[in-house]
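J.:
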Amino acid sequence: MWPWLTLATHLGGIHWTLVSFRRGAESRNIATLHSSALHPMAPSEQRPSGRPRSRAAKSIAAGLAAAVAALTTACAGLPPLQNRTATFALEPSATSQLGRGLTPLTEQHPGKTGVFVLADGRLAFGMRVLLARAATRSIDIQTYIWRGDATGTMMFEEVLRAAERGVRVRLLLDDINTSGLDPTLALLASQPNLELRLYNPFVSRGARGLDILADFGRLNRRMHNKSFTVDNQVTVVGGRNIADEYFEAGQQTRLVDLDVAAVGQAVPEVSAEFDLYWNSASAYPAGLLLGGVQAEPRAALAQRADEVQRSPAGVAYAAAIASTGEVERLRAGTLELEWAAARVIHDDPAKTLQPSTETDLQMLPQLMAAFGQPTASLDLVSAYFVPGDGGTEALMALARRGVRVRVVTNSLAATDVISVHAGYAKRRGPLLRAGVELYELKPEATVEHRSVELGSSSKAGLHAKTYAVDQRAIFVGSFNLDPRSARLNTEMGLLIESGTLAKRLAGIVDAAYPGVAFRVTLAEDGTLRWADGTGKMFDVDPETGWWRRALVAIGSWLPIEWLL
Numbered sequence: 000m001w002p003w004l005t006l007a008t009h010l011g012g013i014h015w016t017l018v019s020f021r022r023g024a025e026s027r028n029i030a031t032l033h034s035s036a037l038h039p040m041a042p043s044e045q046r047p048s049g050r051p052r053s054r055a056a057k058s059i060a061a062g063l064a065a066a067v068a069a070l071t072t073a074c075a076g077l078p079p080l081q082n083r084t085a086t087f088a089l090e091p092s093a094t095s096q097l098g099r100g101l102t103p104l105t106e107q108h109p110g111k112t113g114v115f116v117l118a119d120g121r122l123a124f125g126m127r128v129l130l131a132r133a134a135t136r137s138i139d140i141q142t143y144i145w146r147g148d149a150t151g152t153m154m155f156e157e158v159l160r161a162a163e164r165g166v167r168v169r170l171l172l173d174d175i176n177t178s179g180l181d182p183t184l185a186l187l188a189s190q191p192n193l194e195l196r197l198y199n200p201f202v203s204r205g206a207r208g209l210d211i212l213a214d215f216g217r218l219n220r221r222m223h224n225k226s227f228t229v230d231n232q233v234t235v236v237g238g239r240n241i242a243d244e245y246f247e248a249g250q251q252t253r254l255v256d257l258d259v260a261a262v263g264q265a266v267p268e269v270s271a272e273f274d275l276y277w278n279s280a281s282a283y284p285a286g287l288l289l290g291g292v293q294a295e296p297r298a299a300l301a302q303r304a305d306e307v308q309r310s311p312a313g314v315a316y317a318a319a320i321a322s323t324g325e326v327e328r329l330r331a332g333t334l335e336l337e338w339a340a341a342r343v344i345h346d347d348p349a350k351t352l353q354p355s356t357e358t359d360l361q362m363l364p365q366l367m368a369a370f371g372q373p374t375a376s377l378d379l380v381s382a383y384f385v386p387g388d389g390g391t392e393a394l395m396a397l398a399r400r401g402v403r404v405r406v407v408t409n410s411l412a413a414t415d416v417i418s419v420h421a422g423y424a425k426r427r428g429p430l431l432r433a434g435v436e437l438y439e440l441k442p443e444a445t446v447e448h449r450s451v452e453l454g455s456s457s458k459a460g461l462h463a464k465t466y467a468v469d470q471r472a473i474f475v476g477s478f479n480l481d482p483r484s485a486r487l488n489t490e491m492g493l494l495i496e497s498g499t500l501a502k503r504l505a506g507i508v509d510a511a512y513p514g515v516a517f518r519v520t521l522a523e524d525g526t527l528r529w530a531d532g533t534g535k536m537f538d539v540d541p542e543t544g545w546w547r548r549a550l551v552a553i554g555s556w557l558p559i560e561w562l563l
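Just so you know, we're using numbering that gives the first Met the number 0 here: the sequence shown kicks off at 0 and counts up by one.
(1) Measure the C-alpha to C-alpha separation of residue 87 and residue 266 and round it to an integer number of angstroms.
(2) Considering residue 228, what are the terminal residues of the beta strand (DSSP E) in which it resides?
(3) Using 8 Å as the cut-off, can you tell me whether the stretch 328-348 makes contact with the stretch 488-507, which would need three or more C-beta pairs spanning the two stretches below that distance?
(4) Please determine, among 350, 240, 507 and 421, the residue with the shortest C-alpha to C-alpha distance to residue 142.
(5) How close, in whole Å, do the beta carbons of residue 221 and residue 173 come, if the pair is a contact with beta carbons under 8 Å?
(6) Nearest CA to the CA of residue 421: which residue from 138, 560, 185 and 158?
(7) Leaving out five residues on either side along the sequence, give the residues of the same chain with a beta carbon under 7 Å from the beta carbon of residue 398.
(8) For residue 263, is the classification buried or exposed, using 16 other Cβ atoms within 10 angstroms of its Cβ as the cut-off for buried?
(9) Could you check what DSSP says for residue 202 in three-state terms: helix, strand or coil?
(10) Looking only at C-alpha atoms, which of 196, 93, 103 and 353 sits nearest to residue 617?
(11) Residue 574 by DSSP, collapsed to three states: which one?
(12) For residue 50, which residues of its own chain have a beta-carbon under 6 Å away from its beta-carbon, when the five flanking residues on both sides are left out?
(13) DSSP three-state label for residue 124, please.
(14) Under the DSSP definition of a beta bridge, which residues are partnered with residue 492?
(15) Under three-state DSSP, which class holds residue 381?
(16) For residue 463, which of 382, 395 and 400 has the nearest alpha-carbon?
(17) Rounded to a whole number of angstroms, what is the C-alpha to C-alpha distance between residue 503 and residue 245?
(18) Ordered along the chain, which non-local residues of its own chain (more than five positions away) have a Cβ less than 7 Å from that of residue 564?
(19) Quick one: give me the first and last residue of the alpha helix (DSSP H) that residue 152 is part of.
(20) Do residue 319 and residue 124 come within 8 Å of each other at the CB atom, strictly closer than that value?
(21) Run the CB neighbour count on residue 314, radius 10 Å, all protein chains shown included, and call it buried at 16 or more, exposed below.
(22) Only counting the same chain, and skipping five residues up and downstream in sequence, which positions put a Cβ closer than 6 Å to that of residue 63?
(23) Measure the C-alpha to C-alpha separation of residue 325 and residue 102 and round it to an integer number of angstroms.
(24) Could you compute how far the alpha carbon of residue 370 sits from the alpha carbon of residue 475?
(25) By the three-class DSSP mapping on this structure, what secondary structure does residue 269 have?
(26) Say yes only if the C-beta of residue 191 is nearer than 7 Å to one or more non-hydrogen atoms of the ligand MN, and no if none qualify.
(27) Would DSSP call residue 141 helix, strand or coil?
(28) Excluding the five sequence neighbours on either side, which residues of its own chain have a C-beta within less than 8 Å of the C-beta of residue 177, listed in chain order?
(29) If you check the beta carbons only, do residue 152 and residue 307 fall under 8 Å apart?
(30) Determine the DSSP secondary structure at residue 274, reduced to helix, strand or coil.
(31) Taking the straight line between their C-alpha atoms, what separation do you get for residue 439 and residue 150?
(32) According to DSSP, simplified to helix, strand and coil, what is residue 388?
(33) What do you get for residue 431, buried or exposed, if any count of 16 or more other CB atoms within 10 angstroms of its CB means buried?
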C-alpha cells in the first residue's frame, strides 16, 4: 500500500518517486520527489575559479542543497503544543433551529439513537450542506480527505459562512491529503469563530516526501475517522470523505458509499470522540504550521465557490441540495427514523504514536467484542478487504461451523488500489473452499443500480465499510477489514442494534449478484471462475488486462501485507 520507493531511470533524467498503491480515491500518495534532470553534457560554463561546471552538475548541486535543507527542516520536529487551548463540544440547545424539532423526539426515545441511512451520494452532500446552514451554535467536522474540488470548495464556503454568522466551527483534517490546500487552509485558520487543526501533520509543507523519509514511523499512521456534527444534536458518520467522488460528482470514478445521519444518544458520544482527537497530542493548530503561507483572499474563495455553483455540475448539485427535504423534516421532527440502541466505537488517538502491538488502543477488538460471535450469518461489505492469515482462518472457521459468511468487495477492474487487491486475491481460494461467498463489484455498475442495491455513467468503485451479524446488528463507519485499519490508522463508526438495518444490508448483499457484482466460484479443478449473471463465465479477473493481473501476482509475493 504505502509506499514503495522506486528508482526509475530514463534518457536524460532520474526520478525518485514515492509510489503509493493505496487508495486512489483515498489518496495515500506522500510525495513525488524529482531530482534535477541529468541533461546531456552542456557546454561548460566558466566559474570564477576557472574550473568548468556543467548545467547538469549545477542542477544536481541545487537539487541536493534543496533536499538537504528540506530534510533538515523535516528533522527539526513539530512545534510545541503547550499554548494550545483545549476546547470541547457545546451543550445542545432545545431552542435552536434543530433543537425545537429534535428535543421532543429524543425525549420520547430515551437512551436510543434515531438513524437515517444516507445511501445516495447527492443526498449525503445535500444533508451536510443544509445541516451547516441550519447550524446556530457549532459545527465539528473530522475527516481524512477534504479536496479543493467542486464539492470541497462549496463546503469550504458553507463553513466559512457559518463562522461569519457566529457559529463556532472546528475542523480537524488529517494532513496527508492537504497538499496544495495550504493557502485555503490559512484563510480558514485566520477567521474568527473558526479553528482548524491538522492531525499528525507534516513539518515541511513543500517537501512532504522528505518528511516521510525522515519520520516514516509517525507519518505512516493516519486519522481515517469521519464525522460531521452540528449543534451537538445531529451527526453524520460513515465512509464518505469530502470530495467529488464520494458524492457522485466524480467524472472518472464514483464511489459506492454509506453514511448514517443520527440523533439522540449517539450524538454526544460522537462529540466526545471528536473532543478526544481534537485535544490529542497529534492535533496541531494550523497556525503553528502555516506561518509562512500567504492566505487565499476571502473574496477569491467566494468567487471560486460561485463559479463552481454556476457550472453544470454545480447547477446539478444546487438542485440536489434544494430537493433534500430530509433536513427540513428533521428540523420539524417529522423525518422517519430507525430508533435503536447504538454506540460509537473508535480507536484511541494514542494509536497514532504507539506501536501496532498496543492492541488495547485498537478498535478492532472492541468491534469484535461488541458484535459477539455470529451464529447464523455474517455479511461484510468492505472496499478494501485484506483478511490476513488470522482473519482468513477465522472466516473459514465460521463458514465450516455453518455460519453463512458473505463478502462484497471491489473486483480487480473496479479497485483503485492494486496492492490491496493483491492482499485479498491470494485468500480467495482458501475462503471459497471453506464455504465463504465472495462477490466483487463490477466497474460498470451504474448510479441507478447503486441507488437501489448498493447505495447509490462512470466507473464505479466500492468504498463503503459496513458489516452485519445475524441480521440483528450493523456497523457503519470508516473501518476497512485490512491490516492498515486494524493496526496503523485510527478509525470510528456506529454499531447499531437494529434488525431492520441489518436485514436491509442482507438484502443489499442478496441483490448484489448479478446486478452489480460478479460472483467468484471454484471450478472442479480448483481454479477460480467469475460469473456475471448472464451465463458468461470468466477464468481470469473480468474486464482486466494481463498487466494489471501481473501486478496483482507480483504484489501477492511481496512482504507488504502489514502496510495494506
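Yeah, the Cβ is synthetic: ideal placement off N, Cα and C, and Gly gets one too.
T.: So, from the data block:
(1) 14 Å
(2) 226-229
(3) yes
(4) 240
(5) 5 Å
(6) 560
(7) 404, 433, 434 and 435
(8) buried
(9) coil
(10) Because the chain is modelled from 0 through 563, residue 617 falls outside the range shown and cannot be assessed.
(11) Look at the range of the chain in this structure, 0 to 563, and you will see that residue 574 is not part of it.
(12) Interpretation of residue 50 is limited by its pLDDT of 44, a score under 50 that renders its predicted location unreliable; the figure taken from the coordinates is listed afterwards. Contacts found: none.
(13) helix
(14) 344 and 476
(15) strand
(16) 382
(17) 21 Å
(18) Since the first and last residues shown for the chain are 0 and 563, residue 564 lies out of range.
(19) 149-163
(20) yes
(21) exposed
(22) Here residue 63 scores only 49 on pLDDT, less than 50, and its place in the model is too uncertain to base an answer on.
(23) 17 Å
(24) 12 Å
(25) helix
(26) No copy of the ligand MN appears in this structure; indeed no ligand is present at all.
(27) strand
(28) 145, 184 and 197
(29) yes
(30) helix
(31) 28 Å
(32) helix
(33) buried
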